[in-house]
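Once you know that position 55 of the sequence shown is 55 in full-length UniProt numbering, the rest is easy, because the numbers rise by one and skip nothing.
Note that CB positions come from ideal geometry on N, CA and C, so glycine has one too.
Notes follow once the structure below has been shown.
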Amino acid sequence: MKNRRNFLMAGAALAAWTVARGFAPPARAAGGETFEIVKTDEEWRATLTAEQYGILRQEDTEQPFTSALNNEKRKGIFRCAGCDLALYSSEAKYDSGTGWPSFWQSLPNAVGTREDNSLFMTRIECHCRRCGGHLGHIFDDGPPPTGKRHCINGLALTFAPAAA
Numbered sequence: 001m002k003n004r005r006n007f008l009m010a011g012a013a014l015a016a017w018t019v020a021r022g023f024a025p026p027a028r029a030a031g032g033e034t035f036e037i038v039k040t041d042e043e044w045r046a047t048l049t050a051e052q053y054g055i056l057r058q059e060d061t062e063q064p065f066t067s068a069l070n071n072e073k074r075k076g077i078f079r080c081a082g083c084d085l086a087l088y089s090s091e092a093k094y095d096s097g098t099g100w101p102s103f104w105q106s107l108p109n110a111v112g113t114r115e116d117n118s119l120f121m122t123r124i125e126c127h128c129r130r131c132g133g134h135l136g137h138i139f140d141d142g143p144p145p146t147g148k149r150h151c152i153n154g155l156a157l158t159f160a161p162a163a164a
């Protein structure tokens with residue numbers, strides 16, 4: 001009886017750990033798309049931190065309220081940490097209260113999207129249109145004028161302040 005209980009408890013712990021990890025899928029090109037910038041896993045690992053690689057190439061998610069970019073208030077451009085493409089203007093950034101940098105729109109021709117059916121729900125995943133790096137998700141609960149919330153992992157971005 002005790003062995004069975006231990007076995008079941010270990011299984012429950014493993015299941016909880018899997019859920020907490022977010023069911024990270026293996027690295028792949030989003031939706032089978034082709035991208036301007038293509039690198040091997042080894043090349044990506046050599047240019048990104050382990051955390052950036054997990055987010056951009058394996059669709060991990062950083063913990064909320066951990067990104068310094070969540071509190072970035074200066075004027076400037078948020079760029080892809082993988083390929084340096086300009087993705088979002090600070091003019092479209094707002095505080096969504098979710099713990100991740102949020103924007104009501106991307107720059108023109110900056111992001112691609114696809115349907116994401118992971119975690120037992122349907123969401124819209126967004127990625128860098130040039131390198132395919134996973135950025136986050138787009139939701140329909142944002143402010144005017146678009147009503148969209150681009151909920152973006154801060155580690156998927158770099159910030160370039162506007163020239164003074």
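- Looking only at Thr146, Arg45, Lys75, the smallest Cα-Cα distance to Leu56 is reached by Arg45.
- According to DSSP, residue pairing for Tyr88 in a beta bridge involves Phe78.
- Residue pairing by DSSP places Leu157 opposite Cys80 in a beta bridge.
- In the DSSP assignment, Thr49 falls outside any alpha helix (DSSP H) and carries neither an H nor an E.
- Its Cα nearest to that of Ile124, the residue Glu59 stands out among Glu59, Thr34, Gly54.
- If you draw a 10 Å sphere on the C-beta of Gly154, you find 16 or more other C-beta atoms in it, and that means buried.
- Between Phe65 and Tyr88, the C-beta gap is not smaller than 7 Å, which leaves the two residues out of contact.
- Beta-bridge pairing by DSSP links Phe120 to no other residue.
- Check the Cα spacing between Ala86 and each of Glu33, Arg149, Glu42, His127: the tightest is with His127.
- Between Thr34 and Arg114, the alpha-carbon positions lie close to 13 Å from each other.
- In this chain, Phe35 is not harboured by any beta strand (DSSP E), its DSSP state being neither H nor E.
- Straight across, the Cα-Cα distance linking Arg79 with His137 is about 16 Å.
- Note on geometry: alpha-carbon atoms of Lys75 and Glu91 lie some 7 Å from one another.
- At a Cβ-Cβ threshold of 7 Å, Phe159 and Leu69 count as neighbours.
- Within a 10 Å sphere around the beta-carbon of Leu119 sit fewer than 16 other beta-carbons, which makes this residue exposed.
- For Leu107, the CB contacts under 7 Å within the same chain, skipping 5 residues up- and downstream, are Ala86, Leu87, Tyr88, Ser89 in chain order.
- Short of 7 Å from the beta carbon of Tyr53, and not among the five residues preceding or following it, lie these beta carbons of its own chain, in chain order: Trp44, Arg45.
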